[in-house]
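Peer 1:
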Ligand SMILES: Nc1ncnc2c1ncn2[C@@H]1O[C@H](COP(=O)(O)OP(=O)(O)O)[C@@H](O)[C@H]1O
Ligand SMILES: [Mg+2]
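Numbering (the UniProt record's numbering), first residue to last: 1 to 238.
1) Span of the alpha helix (DSSP H) holding residue 157?
2) Given that a residue counts as buried once 16 or more other Cβ atoms are within 10 Å of its Cβ, and exposed if not, what is residue 23?
3) Applying the criterion that 16 or more other CB atoms from any shown protein chain within 10 Å of the CB defines a buried residue, is residue 21 buried or exposed?
4) Terminal residues of the continuous alpha helix (DSSP H) containing residue 184?
5) Taking 7 Å as the cut-off, is the beta-carbon of residue 16 closer than that to any non-hydrogen atom of ligand 1?
6) Quick check on residue 6: does DSSP put it in helix, strand or coil?
7) Can we say the segment 134 to 145 touches the segment 68 to 79, given the rule of at least three CB pairs closer than 8 Å?
8) Any contact between the segment 151 to 164 and the segment 106 to 114? By contact I mean 3 or more CB pairs, one from each, below 8 Å.
9) Which term fits residue 237, buried or exposed, when burial requires 16 or more other beta carbons within 10 angstroms of its beta carbon?
10) Do the CB positions of residue 60 and residue 18 come within less than 8 Å of each other?
11) Give a yes or no on whether the C-beta atoms belonging to residue 167 and residue 200 are separated by under 8 Å.
12) With a threshold of 7 Å (Cβ to nearest heavy atom), would residue 223 be considered close to ligand 2?
13) Please look up how many angstroms separate the CB atoms of residue 74 and residue 120, rounded, as I've assumed it's under 8 Å.
14) Would residue 100 be called buried (16 or more neighbouring beta carbons within 10 Å of its own) or exposed?
15) Can at least three beta-carbon pairs, one atom from the segment 196 to 215 and one from the segment 123 to 133, be found at a separation below 8 Å?
16) Residue 253 bridges to which residues according to DSSP?
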C-alpha cells in the first residue's frame, strides 16, 4: 500500500536505542526496539524488572530521548521537536498514568485534574475537571488533597487527570502496582472503560499476565529488546 495514504500509527518505534552513562560506563537500556501500535489498539508490555519497560514508555512519551532510532507519536517524529514542542504534544495527545500516581500533594483533587487543561489554556478547566472526577466516581472528593485519599482514589484522580484532555494515547506504567488486588481490578476496569469510550490507544506496562490478556496484543521485553509480540493466549483457550 502507498505509504502516503496510510493513516499514521499511534506509536512507531524504529530501532530505538537508549544508552545512559553510569559510573561503570555506558549502559545500553533499550537495544533496538521496533514497535508499531495502531490507533485504538491496546498493547500490554510485560517483562522482568529492569528489562527496560519504563524506559520504553518514557521515550514514547518524549520524557526520555532516544539515543538513536526513530520515535513517532500520532505521526509526529519526536526527534524533530524541542522540549516545548514535546510538552505541547504530550499535553494535547498523551495521558500518562504512573504506578505512584504523581499527584501534586499541595493541590486538591480537582486542581490536579484541571492542571493539564489549564496548561492548554482551556478556560473551562475547572468545570471539565469536575466532570472528569465524576466520570471516575469521585464527585465527593473534589476538594480533598492527595494525602487525604486512599491509593485507589488517588489513582482514579490520576486517571481523571490523564484523560481529561481526551488524549489519543494513554500510557500506563504498572498503574495497579501500588494497589491491592480488588482496588487494582476496579481501577483497571475504569481505565479500560474510558479507553473504549474515548477510542484511545493504550500502552499498558504490567506484571499481571491476566491483565495483559485483556489487551489486543502482548509485547514481551527482555534485556532491552522485544522478544515476543503477539495476540494474548488465554489459559482456558490453550
Ligand atoms: N537514568 C538511568 N541511568 C542509568 N540506568 C538506568 C536509568 N534508568 C533506568 N536505568 C536502568 O535501566 C534498566 C531498565 O530500567 P527500566 O526501564 O526502569 O526497567 P523496568 O521498567 O522494566 O523495570 C535497569 O537496569 C535500570 O537500572
Ligand atoms: Mg518499570
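Glycine included, C-beta positions come from ideal geometry on N, C-alpha and C.
Peer 2: Looking at the atomic coordinates:
1) For the purposes of this step, residue 157 is identified with residue 157 of the chain shown, where counting begins at 1. Counted as a single uninterrupted DSSP element, the alpha helix (DSSP H) harbouring residue 157 occupies residues 151 to 163.
2) Here the question's residue 23 lines up with position 23 in the chain shown. Here residue 23 is exposed. Its C-beta has fewer than 16 other C-beta atoms within 10 Å.
3) Working through the chain shown from its first residue, we reach residue 21 at position 21. Burial call: exposed.
4) Here residue 184 is taken as the residue at index 184 of the chain shown, counted from 1. Annotation: the continuous alpha helix (DSSP H) that includes residue 184 extends over 181 to 198.
5) Here the question's residue 16 lines up with position 16 in the chain shown. Not under cutoff, so the answer is no.
6) Reading the chain shown from its first residue, position 6 is the one you call residue 6. Here residue 6 sits in coil by DSSP.
7) Taking a cut-off of 8 Å on C-beta distances, the segment 134 to 145 does not touch the segment 68 to 79, as fewer than three cross pairs fall below it.
8) Touching, per the Cβ criterion.
9) For the purposes of this step, residue 237 is taken as the residue at position 237 of the chain shown. Because residue 237 carries a pLDDT of 48, less than 50, the predicted location of this residue cannot be relied on, and no value is offered for it.
10) On the chain shown, position 60 is the one that residue 60 refers to. On the chain shown, position 18 is the one that residue 18 refers to. Note that the C-beta distance between residue 60 and residue 18 is not below 8 Å.
11) Stepping through the chain shown from its first residue, residue 167 is reached at position 167. Stepping through the chain shown from its first residue, residue 200 is reached at position 200. Between residue 167 and residue 200, the gap from beta carbon to beta carbon is short of 8 Å.
12) Taking the first residue of the chain shown as 1, we reach residue 223 at position 223. Taken from the Cβ of residue 223, every heavy atom of ligand 2 lies 7 Å or farther away.
13) As a working mapping, residue 74 is identified with position 74 in the chain shown. As a working mapping, residue 120 is identified with position 120 in the chain shown. In fact, because the Cβ distance is near 16 Å, the residues do not count as touching under 8 Å.
14) Taking the first residue of the chain shown as position 1, residue 100 is located at position 100. Classification for residue 100: exposed.
15) Under the 8 Å Cβ criterion, the segment 196 to 215 does not count as touching the segment 123 to 133, having fewer than three qualifying pairs.
16) Residue coverage of the chain in this structure runs from 1 to 238, which leaves residue 253 outside it and unanswerable.
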